[in-house]
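Engineer:
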Amino acid sequence: MIHARLTPETLIAIPLEVRKALDLKAGDFVGYDIENGAAVLKKINPNDPFENPFATFTEWADELDTEAFRDL
2 MIHARLTPET
12 LIAIPLEVRK
22 ALDLKAGDFV
32 GYDIENGAAV
42 LKKINPNDPF
52 ENPFATFTEW
62 ADELDTEAFR
72 DL
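If you count by this note's numbering, then the sequence shown holds residues 2 to 73, one letter each, in order.
#1: Short check: CB of Leu23 to CB of Lys43, under 8 Å?
#2: Would the beta-carbon of Gly28 fall within 8 Å of that of Ile45?
#3: For Ala27, which residues does DSSP report across the bridge?
#4: Report the CB separation of Phe30 from Pro47 in whole angstroms; it is logged as a contact under 8 Å.
#5: Measuring CA to CA, which of Glu10, Ile15, Thr11 is closest to His4?
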């Protein structure tokens with residue numbers, strides 16, 4: 002099992018082995034499924050409405066909104 006530690010800010014670094022296995026790079030999106038008390042991490046395509054239910058919402062799709070909500 003691969004381990005990582007949750008910071009006091011509730012952040013976690015994804016270990017190198019996991020990043021390699023999922024081909025994750027900076028800026029990629031990840032999703033979580035909860036199955037039988039375990040979280041399953043997967044790489045997602047943020048433009049796929051089946052993986053990101055907000056992908057089709059375009060009301061806030063301009064650069065000003067992107068910048069305003071960047072840190073949420």
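Glycine included, C-beta positions come from ideal geometry on N, C-alpha and C.
Structural biologist: If we stick to the structure as given:
#1: Here residue 23 refers to the residue found at position 22 of the sequence shown. Here residue 43 refers to the residue found at position 42 of the sequence shown. Taking 8 Å as the Cβ cut-off, Leu23 and Lys43 qualify as a contacting pair.
#2: The residue given as residue 28 occupies position 27 in the sequence shown. The residue given as residue 45 occupies position 44 in the sequence shown. No, Cβ-Cβ distance for Gly28 and Ile45 is not below 8 Å.
#3: For the purposes of this step, residue 27 is taken as the residue at position 26 of the sequence shown. Answer is none; Ala27 lacks a bridge partner.
#4: On the sequence shown, residue 30 is found 29 positions in, with the first residue counted as 1. On the sequence shown, residue 47 is found 46 positions in, with the first residue counted as 1. Right, the Cβ-Cβ distance comes to about 5 Å (below 8 Å), so this counts as a contact.
#5: Sequence index remark: in the sequence shown, residue 4 carries index 3 (1-based). When only C-alpha atoms are compared, the closest one is Ile15.
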